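First to last, the protein sequences are chains W and D.
For the first sequence, the numbering used here begins at 966 and goes up steadily by one.
For the second sequence, the numbering used here begins at 966 and goes up steadily by one.
Only one structure is covered here, and it is reproduced in the block below.
Protein chains: 2
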Amino acid sequence: MADLVLTTFDWVPETPRGYVRDLRLRWALEEAGLPYRVDSTPFRERKPAHFDHQPFGQVPWLTDGDLSIFESGAILHHLGMRSERVLPTDPHGRNEAIKWLFAALNSVEAASLPWSIFVFSGLTGDTPGWKRLDEFLESRLQHVEPVLAAREWLAGDFSVADIAMADVLRLVDRFDRLENHPACRAYVARATTRPAFVRAHADQMAHFSAAD
Amino acid sequence: MADLVLTTFDWVPETPRGYVRDLRLRWALEEAGLPYRVDSTPFRERKPAHFDHQPFGQVPWLTDGDLSIFESGAILHHLGMRSERVLPTDPHGRNEAIKWLFAALNSVEAASLPWSIFVFSGLTGDTPGWKRLDEFLESRLQHVEPVLAAREWLAGDFSVADIAMADVLRLVDRFDRLENHPACRAYVARATTRPAFVRAHADQMAHFSAAD
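Okay, here's the thing in structure tokens:
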């Protein structure tokens, strides 16, 4: 019996498949070797019980016994506390992993998310707004590039920081925006050939296509 | 002798004063009652040593003995681990605080930051891009509103989650964007009248104006 239950949508449209954030947690759970099962919540009709677990009406959330956790970053943090396979236990390694976990979400994804919203909304024309968002993303990628050129993983061994950072950069790479950032691109390739990622990705794809 | 050293810029222009992110850490340190001192790094000329501590060339960073930590979220997390005055110790309270800390940064600030970049860049005209970013922010505020209407602080007692969330919402409130979200607005007012915030804010203002 798995104590850990990861909840995602029952179905999503084609475009986000392979990129829904439960992927980050499937990946971490596979890396950690923790037993878990996946549950579903309706995509089309979001009920009050959904908001009790995830106040923004999004996915995923994780239950661990009587704890219910939302936010992929918070769940990655929780899984790191449960398994040293995804979070170093020595103070320096742990500090590296936790600061880069926050950096992936609050410095890099804070720039890549609005950028991707403009991409998905067809707002990438020659406007000052699009230019400003693209510059903002570029300013982050420029600083991540030398870091990833100098190390294999962000905190020494592979950790939850890499799951967050690689998943954030993977969406940018989907639109060829890492072309001039070869270390970022190589890092995404390195991370996404890990067996745990491959399993997590295949499982998410199978989960959503089973509902078609 | 303070083990904790918080580094911020030596000077910034008028507009960001009172909103530079060292404020979050000054606030947490004041709430926790931990001794600390503030150090400066040049705003105009960012040297390699700066990037060693903060790879994006921003501020703040905190040193705690031989640990150097960047990202305001990671530093809040670290200070929470050091003081139960800003992070509950029971598993449920701690879970609430950590998930809302990530939510403030990755769900709310990920929407408010691009929105504020458009505001500061004068890109708030009648364009599809601005409309899309404003809708994105609205979609977050709508879900935060009932949460803040139902509780005084996010995790029971005041915690680092409130420092992050109140500071994120405070910038939105600066531009009157909380007008239709009275619980968010009341929460910002409640948080920013705490003596620790008032001291932290006055200290930041004094720090930057001393360099004029």
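Note that CB positions come from ideal geometry on N, CA and C, so glycine has one too.
The model shown is predicted, which means the values in this text are computed figures rather than measured ones.
Under three-state DSSP, which class holds residue i?
i: L971 (chain D); result: strand
i: E1132 (chain W); result: Correcting the residue type first, residue 1132 (chain W) is Asp in the shown sequence and not Glu. Here D1132 (chain W) sits in helix by DSSP.
i: V1003 (chain D); result: strand
i: W992 (chain W); result: helix
i: W1065 (chain D); result: helix
i: P981 (chain W); result: coil
i: N1145 (chain D); result: coil
i: E1074 (chain W); result: helix
i: V1084 (chain D); result: helix
i: P1053 (chain D); result: coil
i: T1158 (chain W); result: coil
i: R1009 (chain W); result: coil
i: R986 (chain D); result: coil
i: S1048 (chain W); result: coil
i: P1111 (chain W); result: helix
i: A1171 (chain W); result: helix
i: F1016 (chain W); result: helix
i: A1176 (chain W); result: coil
i: G1022 (chain D); result: coil
i: G1058 (chain D); result: helix
i: F1101 (chain W); result: helix
i: R1164 (chain W); result: helix
What does residue i pair with, by DSSP beta-bridge criteria?
i: T1092 (chain W); result: DSSP output for T1092 (chain W) lists no bridge partner at all.
i: D1122 (chain W); result: W:A1120
i: I1034 (chain D); result: D:L1027
Classify residue i: buried if its beta carbon has 16 or more other beta carbons within 10 angstroms, exposed otherwise.
i: F1085 (chain D); result: exposed
i: F974 (chain W); result: buried
i: D1138 (chain W); result: buried
i: G1045 (chain W); result: buried
i: P1000 (chain W); result: exposed
i: T1054 (chain W); result: exposed
i: P1025 (chain D); result: buried
i: D1029 (chain W); result: buried
i: T972 (chain W); result: buried
i: S1124 (chain D); result: buried
i: R1150 (chain W); result: buried
i: A1183 (chain W); result: With chain W covering 966 to 1177 only, the question about residue 1183 (chain W) has no answer from this structure.
i: E995 (chain D); result: buried
i: A1161 (chain D); result: buried
i: P1020 (chain D); result: buried
i: R1002 (chain D); result: exposed
i: R1105 (chain D); result: buried
i: R1116 (chain W); result: exposed
i: V1153 (chain D); result: buried
i: V1051 (chain D); result: buried
i: A1114 (chain W); result: exposed
For residue i and chain C, any beta-carbon pair shorter than 9 angstroms?
i: G983 (chain W); result: Within the model displayed, chain C is absent; protein chains W and D are what it includes.
Original post:
At a cut of 8 angstroms, does the stretch 1150-1163 of chain D reach the stretch 1072-1083 of chain D through at least three beta carbon pairs?
Top reply: With the cut-off at 8 angstroms, the stretch 1150-1163 of chain D and the stretch 1072-1083 of chain D do not touch.
**OP:** Flag this pair as touching only if the stretch 1120-1137 of chain W and the stretch 984-1000 of chain W have three or more C-beta atom pairs under 8 angstroms; answer yes or no.
**Re:** Short answer: they touch.
**OP:** Evaluate contact between the stretch 1050-1064 of chain D and the stretch 1034-1042 of chain W, counting only Cβ atoms and requiring at least three cross-stretch pairs below 8 angstroms.
**Re:** Flag = yes, the stretch 1050-1064 of chain D and the stretch 1034-1042 of chain W touch.
Subject >> Under 7 angstroms (Cβ pairs) to chain D, residues found in the stretch 1072-1102 of chain W >> reply: Listed in sequence order: S1072, E1074, A1075, L1078, P1079, I1082, F1083, S1086, L1088, T1092, P1093, G1094, W1095, R1097, L1098 and F1101.
Original post:
Is the stretch 1141-1152 of chain D touching the stretch 1104-1112 of chain D in the sense that three or more CB pairs, one from each, lie closer than 8 angstroms?
Top reply: Contact check between the stretch 1104-1112 of chain D and the stretch 1141-1152 of chain D: three or more CB pairs, one atom from each, fall below 8 angstroms, which counts as touching.
Subject >> Under 9 angstroms (Cβ pairs) to chain W, residues found in the stretch 1052-1070 of chain D >> reply: For the stretch 1052-1070 of chain D, the set of positions with a beta-carbon nearer than 9 angstroms to some beta-carbon of chain W reads P1056, H1057, N1060, I1063, K1064, W1065, L1066, F1067, A1068 and L1070 in chain order.
Original post:
Using 8 angstroms as the threshold, is the stretch 1077-1097 of chain W in touch with the stretch 1094-1109 of chain D, meaning 3 or more CB pairs across them?
Top reply: Flag = yes, the stretch 1077-1097 of chain W and the stretch 1094-1109 of chain D touch.
Original post:
Do the stretch 1005-1012 of chain D and the stretch 1051-1060 of chain D make contact, defined as three or more Cβ pairs closer than 8 angstroms?
Top reply: Contact between the stretch 1005-1012 of chain D and the stretch 1051-1060 of chain D is absent, because fewer than three Cβ pairs lie under 8 angstroms.
Original post:
Between the stretch 1169-1176 of chain W and the stretch 978-985 of chain W, do at least 3 Cβ pairs fall closer than 8 angstroms?
Top reply: Three or more Cβ pairs closer than 8 angstroms define a contact, and the stretch 1169-1176 of chain W meets that threshold against the stretch 978-985 of chain W.
**OP:** Would you list, in chain order, the members of the stretch 995-1027 of chain D that have their beta-carbon closer than 7 angstroms to a beta-carbon of chain W?
**Re:** Taking 7 angstroms as the cut-off between beta carbons, the residues of the stretch 995-1027 of chain D near chain W are P1020, F1021 and G1022, in sequence order.
**OP:** Residues of the stretch 1106-1117 of chain D with a CB closer than 7 angstroms to any CB of chain W: list them in chain order, please.
**Re:** Cβ contacts with chain W: H1108 and V1112.
Original post:
Of the residues that make up the stretch 1031-1055 of chain D, which ones have a beta carbon closer than 7 angstroms to any beta carbon in chain W?
Top reply: Hits within the stretch, in order: L1032, I1034, F1035, E1036, G1038, A1039 and H1042.
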